[in-house]
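Undergrad: Here the protein sequences line up with chains A and B, keeping their order. Anchor point for the first sequence: position 103 equals 176 in the working numbering, and the numbering is continuous, going up by one each time. Anchor point for the second sequence: position 95 equals 168 in the working numbering, and the numbering is continuous, going up by one each time. All C-beta atoms in this analysis are idealised placements derived from N, C-alpha and C, irrespective of residue type, glycine included. Being a predicted model, the structure only gives us computed values, none of them experimental.
2 protein chains.
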Amino acid sequence: MPDQLSQTFSALADPTRRAMLAQLSKGEANVSDLAKPFLKDMSLPAITKHLKVLEHAGLITKSRDAQWRPCKINGEGLKDVVDWMEQYRVFWEASFDRLEAYLKTVVAKEKKGKKNVRKKTK
Amino acid sequence: MPDQLSQTFSALADPTRRAMLAQLSKGEANVSDLAKPFLKDMSLPAITKHLKVLEHAGLITKSRDAQWRPCKINGEGLKDVVDWMEQYRVFWEASFDRLEAYLKTVVAKEKKGKKNVRKKTK
DNA sequence: TCCATAATTAACCGATTAGTTAATTAACTA
DNA sequence: TAGTTAATTAACTAATCGGTTAATTATGGA
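1. Expressed to the nearest angstrom, what Euclidean distance is found between the alpha-carbon atoms of ALA167 of chain A and ALA92 of chain B?
2. Please list, in chain order, the chain A residues whose beta carbon lies closer than 9 Å to that of ALA86 of chain B.
3. Near VAL154 of chain B, which residues of its chain fall below 8 Å by C-beta distance, leaving aside the five closest residues on each side in sequence?
4. Note down, in chain order, every chain B residue with its Cβ under 8 Å from the Cβ of LEU151 of chain A.
5. Indicate whether at least one CB of chain A lies closer than 9 Å to the CB of ALA95 of chain B.
6. What residue range does the alpha helix (DSSP H) around PHE125 of chain A cover?
7. On the CB-based measure, 16 or more other CB atoms within 10 Å of its CB, does ARG90 of chain A come out buried or exposed?
8. Put ASP106 of chain B into one of helix, strand or coil per three-state DSSP.
9. Shorter than 9 Å from the beta carbon of VAL126 of chain A to some beta carbon of chain B?
10. Against chain A, does SER136 of chain B count as a neighbour if the rule is that its beta carbon must be under 9 Å from one of theirs?
11. CB-CB under 8 Å to LYS99 of chain A, same chain, minus the five flanking residues each way: which ones, in chain order?
12. Are there 16 or more other CB atoms within 10 angstroms of the CB of ALA139 of chain B, so buried, or fewer, so exposed?
13. Please report the residue range of the beta strand (DSSP E) in which LYS145 of chain A lies.
14. Which residue comes first and which comes last in the beta strand (DSSP E) that contains LYS99 of chain A?
15. Please go through the same chain and pick out, in chain order, the residues whose beta-carbon is closer than 8 Å to the beta-carbon of ALA95 of chain A, but skip the five residues on each side of it.
16. Kindly list, in the order they appear in chain A, the residues whose Cβ is closer than 7 Å to that of ILE146 of chain B.
17. Taking the alpha-carbon positions, what's the TYR161 of chain B to GLU128 of chain A distance?
18. Pick from A:SER136, A:ALA108, A:ILE146 and A:PRO88: whose alpha carbon is nearest that of PHE164 of chain B?
19. Excluding sequence positions up to five away, which residues of its chain have a Cβ less than 8 Å from the Cβ of LEU97 of chain B?
20. Measure from the C-beta of THR121 of chain A to each C-beta in chain B and report whether the shortest distance is under 9 Å.
21. Among the candidates B:PRO118, B:ALA102, B:LYS113 and B:PRO75, whose CA atom is the shortest distance from the CA of ARG137 of chain B?
22. Any idea if PRO75 of chain B is buried or exposed, counting beta-carbon neighbours within 10 angstroms, 16 or more meaning buried?
Written out as structure tokens, the structure reads:
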């Protein structure tokens, strides 16, 4: 996988790595802090590897503080994704519209009581 | 990879599949239409597999028309991604800000140089 | 200096992925 | 009915991925 964007998407295609990002979204954390929620499920070297994937994808940066490695989230990698998404805005916004239309029918239903009258959702 | 979002990100982590989505963003297309740009690089069964990945990820839908299989883009899959991205908005917007700050320095330099005065574009 | 802690590296393994070729299914057409 | 086109399925392979255990590096403290 040569290109940067593929690496980024690939890094995000794993729930463990997304959970790590979620934790980092609340602030910097060392490797062992990040590891803590997962150590029942996997070893520390597995964590190291996941973090390396995130780092190479440009989604986090790692620095040094004595024997600790504080990690922080890196907006650049995420920006690459939203930039790519932008060209499909018309499609995912159409989905929002369908959701909106659906919610409208739900509200209509509630107003009518149990009559169950609804507009067609297109 | 059990969860839907992982499948979606994974499907997007391939340049061939992203190119197929790009083509589909310009309108419906059959499998052989979609295959055309790639047949120098890979076989038709490989295309079939890529499309199956996109379909299972909820990024496209396939229908039937005689022996053809018209495919179209499906906004739902993309919406899952933008929904997930939303929680990191503060981070990728910070990246936009850094870009903006950088552009400001470029503009400032130009002003100093050739008196190329311009308003910022946003 | 010796030990504990934080993290990484090395070597390995099974499952999945991305591709192949060959065969097959399904629909139209002469 | 026989042939052609569109697409999929089957069976296989090489490379990558996500994990393991054991060993190693690097830093701080008693």
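TA: Quick answer:
1. 21 Å
2. MET74, LEU78, SER79, GLN80, THR81, PHE82, SER83, ALA84, LEU85 and ALA86
3. LEU78, THR81, PHE82 and LEU85
4. In chain order: MET158, TYR161, PHE164, TRP165 and SER168.
5. Yes, ALA95 of chain B lies at the interface with chain A (some Cβ there is under 9 Å from its Cβ).
6. First, the amino acid is wrong: residue 125 of chain A is Lys here, not Phe. Looking at the DSSP string, the run of the alpha helix (DSSP H) that includes LYS125 of chain A is 117-129.
7. So ARG90 of chain A counts as buried.
8. helix
9. no
10. Interface flag for SER136 of chain B against chain A is unset, since no Cβ pair is found closer than 9 Å.
11. Taking C-beta separations shorter than 8 Å and ignoring five residues to either side along the sequence, LYS99 of chain A has no partners in its chain.
12. The Cβ neighbour count for ALA139 of chain B, taken over all protein chains shown within 10 Å, is under 16; the residue is labelled exposed.
13. 144-146
14. Neither: LYS99 of chain A is in no beta strand (DSSP E) and is coded neither H nor E.
15. none
16. Against chain A, a Cβ distance below 7 Å from ILE146 of chain B picks out PHE164.
17. 17 Å
18. A:ILE146
19. LEU107, ILE133, CYS144, LYS145 and ILE146
20. No, its Cβ sits nowhere closer than 9 Å to a Cβ of chain B.
21. B:ALA102
22. Around the beta carbon of PRO75 of chain B, a 10 Å sphere encloses fewer than 16 other beta carbons of the protein chains shown; the residue is thus reported as exposed.
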